[in-house]
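J.: Taking UniProt numbering, the leading residue of the sequence shown gets 1, the next gets one more, and so forth.
C-beta: ideal position from N, C-alpha, C; glycine also.
Note that the structure is predicted; figures quoted are calculated from it, not measured.
Can you read through this structure? Questions will come right after.
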Amino acid sequence: MPEEAGGPALGPTLDEWLKAREETRAHLGTRPAAASQEWAQRLADLLATETSWQAQYTELIGRDIPPRRFPTSNR
């Protein structure tokens with residue numbers, strides 16, 4: 001199914017998901033000995049962003065796979 005003009009596209013969505021994943025990884029590398037509320041909040045925000053991009057990416061892939069949704073995991 002072709003991507004709608006102006007709508008989400010696989011390439012940029014994947015790029016943003018991987019960027020969000022890298023930002024999360026980098027933040028985890030800054031973990032202080034005793035995690036602060038601010039550090040934990042930033043991690044929660046980063047993980048939510050990463051999850052959102054992942055969901056959008058898998059939804060886009062699912063549009064091309066009958067029955068027009070991403071398959072559920074067997075795990």
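By Cβ distance, which residues of its chain are closer than 8 Å to P67, with the 5 residues on each side in sequence left out?
T.: Around P67: no qualifying Cβ.
J.: For the region 38 to 53 against the region 10 to 29, do three or more pairs of beta-carbon atoms, one drawn from each stretch, fall closer than 8 Å, so that the two count as touching?
T.: Yes, the region 38 to 53 touches the region 10 to 29.
J.: Once DSSP output is grouped into helix, strand and coil, what is the label at A55?
T.: If DSSP states are grouped into helix, strand and coil, A55 belongs with the helices.
J.: Have a look at H27 and L43 and give me their C-alpha separation to the nearest angstrom.
T.: Each residue's Cα considered, the two are about 7 Å apart.
J.: Please determine, among A9, Q41, T13, the residue with the shortest C-alpha to C-alpha distance to T24.
T.: When only C-alpha atoms are compared, the closest one is Q41.
J.: Between T72 and A33, what straight-line distance do the alpha-carbon atoms span, to the nearest angstrom?
T.: Answer to the nearest angstrom: the Cα atoms are 38 Å apart.
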